[in-house]
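Numbering follows my numbering, in which position 45 of the sequence shown is assigned residue number 85; successive positions increment by one, without gaps. We put the beta carbon where it would ideally sit given N, CA and C, even for glycine. Comments concern the structure below.
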Amino acid sequence: MTPDTPGPVPSVPAALPGRPCSMAAALHVVGEKWALLVVRELFYGNHRFDRIARNTGAPRDRLTARLRALEEAGIVERRAYSERPPRYEYHLTEAGRDLAPLAHALRTWGDRWLLPESPVTFDHEPPGHEPHAFDAAWVCRTCGREARRGELHARVHSPGWTVEGPAEP
């Protein structure tokens, strides 16, 4: 691991139960409702505790615990904005900003399957182009093509495991 290569965060146990899985490790850190709603609010530009509390509806004690856990995991950083009294804002780190596709996927899924109308939409405003509705796609960085259902196949790298589960002895 180099300084440019992110490594495991200290709040993820070395071994989680079940299949070795990056999804399980990620859910261990951000898989709780209040954690993801904090990330949503930070993406929206709400950095102060009171606004995050109001907009998430999280109980203050639970929100405090989630912010601490997200900070410990390297997803959120605190920045002082007042010395007297001491007050902090919360900002996403690079690891936190990398949660954008997850946040967008959850919002898109909720728009499609749970709500009759989207409460929030995003516009894409590329330099030199007209703003337009943001329509994300899953694109392969190697070939530049959009990945479609049936084109992805899992390769398991964890010793003793196959796609079906634990390998038979």
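T133 is positioned such that its CB atom lies closer than 9 Å to that of E117. Taken atom to atom, the span from the alpha-carbon of P60 to that of L139 is near 21 Å. Excluding residues up to 5 positions away in sequence, F162, D163, H164 lie with their Cβ nearer than 7 Å to the Cβ of F174 in the same chain. Shortest Cα-Cα distance from Y130 to any of R106, E170, P57 involves R106. Secondary structure remark: continuous alpha helix (DSSP H) runs of at least 4 residues inside the stretch 65-101, in chain order: 73-83, 89-96. For the pair L76 and L146, the Cα-to-Cα distance works out to about 10 Å. Of the residues assessed, G71 falls on the exposed side of the cut-off, its CB having fewer than 16 other CB atoms within 10 angstroms. Of the residues assessed, W74 falls on the buried side of the cut-off, its CB having 16 or more other CB atoms within 10 angstroms. For R137, the enclosing alpha helix (DSSP H) begins and ends at 134-137. Restricting attention to E208, W201, R185, the CA atom closest to the CA of G58 is found in W201. Within a 10 Å sphere around the beta-carbon of L56 sit fewer than 16 other beta-carbons, which makes this residue exposed.
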